[in-house]
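Take a look at the structure below.
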Amino acid sequence: PSSLASGINVPAGTPGVARNADGSIAISNNTAANVDARVPVQYLGLANSRGQFATQFGSSIYNSLQATISHQYSSGLYFQGAYTFSKSIDNSSGSSFQDELNGNSRWGDLFSNRSNRGLSDFDRTHRLSVSYQYELPFARWAGVANQGFGRLAHGWSILGLTTFQSGTPFLIIDSGALILEDPESQNGTNFATLAPGKTLADVLTTGSVKSRIGNFVDLSAFAAGGNCVNDQNEVVSASDASCTGYTSVGNISRNRFRGPFQQNWDMSVIKRTKITEGSSLEFRAEFFNIWNHPAFQSRRRRVRTTGITGSWMWPAEIRRFSPRLTGRGSFSSR
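This is the structure in structure tokens:
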């Protein structure tokens with residue numbers, strides 16, 4: 457914009473604020489004392505937590521296609537599947553303890569309440585959940601009756617819950633880029649900036665998920681530190697005398713990329729033994745994530761300011777659940 461504070465009244469003597477000849481406002485530094493000159497008044501508020509500036513201009517939209525299929529219990533088999541194809545968009549998800557209302561959900565461009573609009577932190581394009589139960593026909597195959605030795609072959613069942621789902625979106629920020637509009641004077645609030653000649657297609661690396669642990673994102677795709685701006689928030693060369701040392705808002709929008717696909721299998725093996733007409737004994741073995749598939753959790757990625765060669769991202773976080781076997785015996789009577 458030609459002026460950072462067009463139409464906004466700022467008290468005379470406000471620190472870091474001067475009036476230009478054309479009537480616009482020039483800002484030489486950013487502090488809480490001159491926040492009204494840098495952020496439109498209608499966007500201001502004060503969060504109860506941590507005393508940070510907040511807004512009530514949150515918005516969200518969710519659309520989905522949902523389908524289910526089921527097979528009622530018959531011939532020892534039951535299953536039910538539920539599939540969801542969806543998209544959730546908002547400008548502040550508040551999906552973890554670090555987000556608002558806890559004071560850590562900030563817009564990249566404080567002059568635009570749409571700057572943070574993107575996929576919700578919890579958005580998953582595809583999700584398929586299948587539950588099932590199957591009574592193993594050992595006794596029928598062996599041709600034994602439910603008495604004596606035959607009791608060992610009767611009563612075996614397999615139960616399970618399997619989930620396939622898209623990975624969650626993640627945001628890439630430049631922790632060394634401090635935008636002129638930032639009322640908190642904190643690093644880490646700015647979106648990352650693509651390096652010259654790079655496109656969004658260059659950001660994510662290729663190959664198997666295993667080979668990309670720690671380098672899921674290509675650091676050479678970014679211009680660490682962003683682009684310098686003058687006191688009118690116009691991009692200028694870093695060597696220009698009007699360069700304020702602050703940066704423009706990055707051009708990689710919120711939650712533009714998505715983490716790896718996920719799957720999880722939980723299974724149980726049950727053996728029910730009939731004791732009398734009205735009582736039975738049950739043993740259960742439960743396996744959580746039986747195939748030991750790792751689930752890669754998407755996190756906020758930061759581009760450091762020490763230059764691309766020395767920059768780094770948070771490594772992929774692996775939530776790994778080893779198979780767990782528990783034996784449980786229960787005696788029930790009716």
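Heads up: the sequence shown runs through residues 457 to 790, numbered per our numbering. We put the beta carbon where it would ideally sit given N, CA and C, even for glycine.
query, result
"Anticipated Cβ contact below 8 Å, Pro625 with Phe541, distance rounded", "16 Å between Cβ atoms; not a contact."
"Buried versus exposed call for Phe578 [16 or more other C-beta atoms within 10 Å across all chains shown]", "exposed"
"Min CB distance Gln589 to chain B below 9 Å", "Chain labels in this structure do not include chain B; a single protein chain is all it has."
"Glu742 versus Asn748, Leu575, Asp722, residue with shortest Cα-Cα distance", "Asp722"
"Beta-carbon gap between Val692 and Cys699 smaller than 9 Å", "yes"
"Helix, strand or coil at Asp696 according to DSSP, with G and I counted as helix", "coil"
"Cβ-based neighbour list, Lys654, same chain, cut-off 6 Å, excluding 5 preceding and 5 following", "Ala677"
"Ranges of the beta strand (DSSP E) found wholly within the stretch 604-689, counting only runs of at least 3", "612-621, 628-630"
"Those residues which DSSP pairs with Arg712 across a bridge", "Paired residue(s): none; Arg712 is not in a bridge."
"Residues bridged to Ala477 [DSSP beta-bridge criterion]", "Its beta-bridge partners do not exist; DSSP assigns none."
"Strand pairing of Arg583, partner residues [DSSP]", "Thr540, Gln621"
"Counterpart residues of Gly706 in DSSP-defined beta bridges", "The partner list for Gly706 (beta bridge, DSSP) is empty, contrary to what the question assumes."
"Ile517, enclosing beta strand (DSSP E) - first and last residue", "516-530"
"Cβ-Cβ distance between Arg710 and Leu533 below 9 Å", "no"
"Cβ neighbours of Ala402 in the same chain (closer than 8 Å, five flanking residues each side left out)", "Residue 402 cannot be examined here, being either before or after the span of the chain that is shown, 457 to 790."
"Distance, Ser664 Cα to Pro593 Cα", "40 Å"
"Cβ neighbours of Ser613 in the same chain (closer than 7 Å, five flanking residues each side left out)", "Gln589, Tyr590, Glu591, Leu592, Ile726"
"Residue environment, Ile731, which counts as buried when at least 16 other CB atoms sit within 10 Å", "exposed"
"Arg740 to Ile746 span [Cα, whole Å]", "15 Å"
"DSSP-derived helix/strand/coil call for Phe594", "helix"
"Burial state of Gly783, where buried means 16 or more other Cβ atoms lie within 10 Å", "Confidence at Gly783 is low in this model, with a pLDDT of 44, below 50, so the placement of that residue should be treated as unreliable; the coordinate-derived value is given next. Exposed: under 16 other Cβ atoms inside 10 Å."
"Burial state of Asn646 (16 or more Cβ within 10 Å)", "buried"
"Spatial distance of Ala482 from Asn476 (CA atoms)", "6 Å"
"Chain-order list of residues whose beta-carbon lies under 6 Å from that of Arg573 (same chain, five-residue window excluded)", "Asn547"
"Close-in-space but distant-in-sequence residues of the same chain around Gln522 (CB under 6 Å, 5 per side omitted)", "Thr540"
"Option nearest Ser587 by Cα separation, candidates His527, Arg607, Ser622, Leu634", "His527"
"Same chain, Cβ closer than 6 Å to Gly537, neighbours up to 5 away in sequence not counted", "Ile525, Val586"
"CA-to-CA distance, Ser549 to Leu584, given in whole angstroms", "23 Å"
"Spatially closest choice to Gly616 from Asp696, Thr729, Asn720, Ser736, by CA coordinates", "Asn720"
"Nearest candidate by alpha-carbon position, reference Tyr518, set Val473, Ala694, Ser544, Phe535", "Ser544"
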